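Sequence lines, in order, name chains H and Y.
Counting from 1, position 14 in the first sequence corresponds to residue 14 in the numbering used here; the numbering is continuous, with no gaps.
If you want the numbering used here, it's the 1-based position in the second sequence plus 241.
Heads up, the beta-carbon is just placed ideally off N, CA and C, and yes, glycines get one too.
Nothing here was measured: the structure is a model prediction, and the numbers come from that model.
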Amino acid sequence: MSLVRDFYGSTIGKKVVMALTGLVLVGFAVGHMAGNLKVFAGADATTGVYKIDHYGEFLREIGSEMLGRAGFLWIVRAILLTCVVLHAASGIQLARLNRKAKPAGYKVSSYRSANAASRTMLYGGLFLIAFIVFHILHLTTGTVHYRGFVEGAVYANLYAAFQSPAVAGFYLLSMALLALHLYHGTWSMFQTLGVDAPNWNGTLRAAAKVVALALFVGFSAVPVSIFGGLLKPPAVQSASN
Amino acid sequence: MNLTLFVWRQEAASSAGSFVEYALDGVSEDSSFLEMLDMLNEKLVESGHQPVAFEHDCREGICGSCSMSINGRPHGPKRLTTACQLHMRMFKDGDVIYVEPFRAGAFPVVKDLVTNRSAFDRIQQAGGFVSVQTGAAPEANATPIEKDHADEAFDAAACIGCGACVAACPNGSAMLFTAAKVSHLALLPQGQPERSARVAKMVEQMDSEMFGGCTNHGECQEACPKGISIKYIAQMNRDFISAAVRKARSLRGAMRAQ
């Protein structure tokens, strides 16, 4: 264990943990965003079940023969939670260290390459944790949904939730902050893992921009389309499915 | 040109410092920033005041002694230039200039603009060398080195250890300095035998000196008077990771033998 302790004890080791857990979380975000787009697939012509409701059920059914219903889902959730905890813990530890290492700033501060994204990683990250907690209580458990949440009726739940301008607006803001976090984080991950050598920097920076923008557009499409009236109200039978 | 200077004055490491305002007239735009400070100091001495303490040696931009932040930027506004090579023509008549020591927790102020940067020496001493038997110099062409590697190693070796990277970093991190020293030897055949141990020891020393961690702001490479790229940080990260993997593998080998 001293090997792990020595590695994590170093600033680079903590950053490697941040980068690897960040990679898992970015991967999850991309998958989540792609899955969300099922909202636009409408309902099955014969059964009338919304495609996204069907997709939600599919996620619960993966590996159910072996692991039981939602067993696989819970394993994934456990992995994601572990990643969030490690990502946040290493981030907070490093931020405390960094603050101690720079006790005083300059009278006139003039950054040349540090940007809004790189300078808000800690606060942006802490905000995202709060968002994730809200989001789970809102659309997974329905605890703070308050608009007739029915488990499994994904389309109807989304439709009801995003009628509220405050809720839709909060999701948009959160996704903007997620994009900002990932614009710096995705590139940073490659730099930390030393993958960016020798001269891929431009490509990786561009890739980070694409990932951040794609996630913002993909995630925001759902609340925007629902609030903007592009998606039809749910048919009654789908809510009881 | 006439200038208004706000210079950080601090009696000792333990005392609190503050900015003191000085009006300086008749500064030649052809003088260097340090010559301008010399001029200020002459006036201070003539009027019976303590001169501003600042570090300087070669005044040719290669020794890394001069260390001050000018308007919040280590070595001042001009890229790829040390404070001694910065000329007053970079400023305008009537400018207000703030002159501060390099700011970082690991570089405590000794006096005025002078900081203690010996943490860099200790990082270097931890592994920034090649252990060889001394003797007659080997024949120069005995060890062929690929041109690209030689160039990359030379770019890293251009580091003068001035500390501008640490001073510019919002985290007070010494990653660029350490990366330059680690990479310059990691890129050459002479550096290979101690490559893993070197990166592990130098990073350990760096962390123990209470420098911050790298968050990839990239401010260090902007401030570096020698234009050292943060690609060397990526290179050092990779070496650090592979050194840890190698160490883990060697422990596994020891278990098998029992």
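Q.
Any contact between the segment 175-191 of chain H and the segment 443-462 of chain Y? By contact I mean 3 or more CB pairs, one from each, below 8 Å.
A. yes
Q) In angstroms, rounded to a whole number, what distance separates the CA positions of H:P233 and Y:L417? A) 56 Å
Q) So, do the segment 338-352 of chain Y and the segment 399-407 of chain Y have three or more beta carbon pairs nearer to each other than 8 Å? A) yes
Q. Does Y:Q499 have its Cβ less than 8 Å from a Cβ in chain H?
A. Interpretation of Y:Q499 is limited by its pLDDT of 49, a score under 50 that renders its predicted location unreliable; the figure taken from the coordinates is listed afterwards. Cβ-Cβ to chain H under 8 Å: no for Y:Q499.
Q. According to DSSP, is H:A179 helix, strand or coil?
A. helix
Q: With 8 Å as the threshold, decide whether the Cβ of H:L177 is near any Cβ in chain Y.
A: no
**Q.** Segments of 4+ residues assigned as alpha helix (DSSP H) that fall wholly inside the segment 327-355 of chain Y
**A.** none
Q: Rounded to whole angstroms, what's the CA-CA distance from H:T120 to Y:G313? Just pull it up for me.
A: 20 Å
Q: Would you kindly work out how many angstroms separate the C-alpha atoms of Y:A253 and Y:T356, rounded to a whole number?
A: 10 Å
Q: At 7 Å on the CB atoms, spell out the chain Y contacts of H:G124, in chain order.
A: In chain order: nothing, as chain Y lies at least about 12 Å away.
Q.
Which residue wins for smallest C-alpha separation from Y:Q462, given the options Y:A421, Y:A438, Y:N382, Y:R436?
A. Y:A421
Q: Kindly indicate the opening and closing residues of the alpha helix (DSSP H) around H:R99.
A: 71-101
Q.
With distance defined between alpha-carbon atoms, name the residue in H:F216, H:G229, H:F227 nearest to H:H32.
A. H:F216
Q | Contact set for Y:G368: own chain, Cβ-Cβ below 6 Å, skip 5 residues either direction | A | R439, K442, M443
Q.
Looking at chain H, is there any beta carbon in it that lies within less than 8 Å of the beta carbon of Y:A405?
A. no
Q: Could you tell me whether the Cβ of Y:N357 comes closer than 8 Å to any Cβ of chain H?
A: no
Q. Assuming Y:V268 contacts Y:M309 under a Cβ cut-off of 8 Å, what Cβ separation, rounded to an integer in Å, is found between them?
A. The Cβ separation is near 16 Å, so there is no contact.
Q: Can you give me, in chain order, the residues of the segment 465-476 of chain Y that have a beta carbon less than 8 Å from any beta carbon in chain H?
A: I471, K472, I474, A475, Q476
(Q) Can you list, in chain order, the residues of its chain with a C-beta nearer than 8 Å to that of Y:S483? Leave out the 5 residues immediately preceding and following it. (A) S437
Q: For H:G56, count neighbouring Cβ atoms within 10 angstroms of its own Cβ and tell me buried if that reaches 16, exposed if not.
A: buried
Q. To which residues of the same chain is Y:L278 closer than 7 Å at the C-beta, ignoring the five residues directly before and after it?
A. V293, F295
Q. From H:G228, H:S118, H:S174, pick the residue whose C-alpha is nearest to that of H:V133; which is it?
A. H:S174
Q: In the DSSP assignment, find the unbroken alpha helix (DSSP H) run with Y:S308 in it and report its ends.
A: Per DSSP, Y:S308 belongs to no alpha helix (DSSP H) and is neither H nor E.
Q) Quick one: what does DSSP say Y:R363 is sitting in, helix, strand or coil? A) helix
Q: Return helix, strand or coil for Y:L265, following the three-state DSSP convention.
A: strand
(Q) Determine, for Y:V316, whether the minimum Cβ-Cβ distance to residues of chain H falls below 8 Å. (A) Here residue 316 of chain Y is His; the residue named in the question, Val, does not match the sequence. With 8 Å as the cut-off, Y:H316 does not count as an interface residue toward chain H.
Q) Under a Cβ-count criterion, where at least 16 other Cβ atoms within 10 Å of its own Cβ denotes burial, should Y:Q433 be classed as buried or exposed? A) exposed
Q. With 16 as the cutoff for other CB atoms within 10 Å, does Y:I311 come out buried or exposed?
A. buried
Q.
So, under 8 Å CB-CB, Y:S500 and Y:E435 are touching, yes? Tell me the CB distance rounded to an integer number of Å.
A. Only positions 242 to 499 of chain Y appear in this structure, which leaves residue 500 of chain Y out of reach.
Q) Among residues of its own chain, excluding the 5 on either side of Y:F361, which ones have a beta-carbon nearer than 8 Å to its beta-carbon? A) G402, G404, A415, F418
Q: Taking H:S225 as the query, report the chain B residues whose CB atoms sit under 9 Å from its CB, ordered along the chain.
A: This model lacks chain B altogether, as its protein chains are H and Y.
Q | Cα-Cα separation, H:V154 to H:L178 | A | 23 Å
Q) If you draw a straight line from the C-alpha of Y:H290 to the C-alpha of Y:P411, how long is it? A) 34 Å
Q | Any chain Y beta carbon closer than 8 Å to H:A104 | A | yes
Q: Mind reading off the beta-carbon distance from Y:K319 to Y:M331? Whole number of angstroms is fine, and I expect it under 8 Å.
A: 6 Å
Q | Same chain, Cβ closer than 7 Å to Y:A257, neighbours up to 5 away in sequence not counted | A | none
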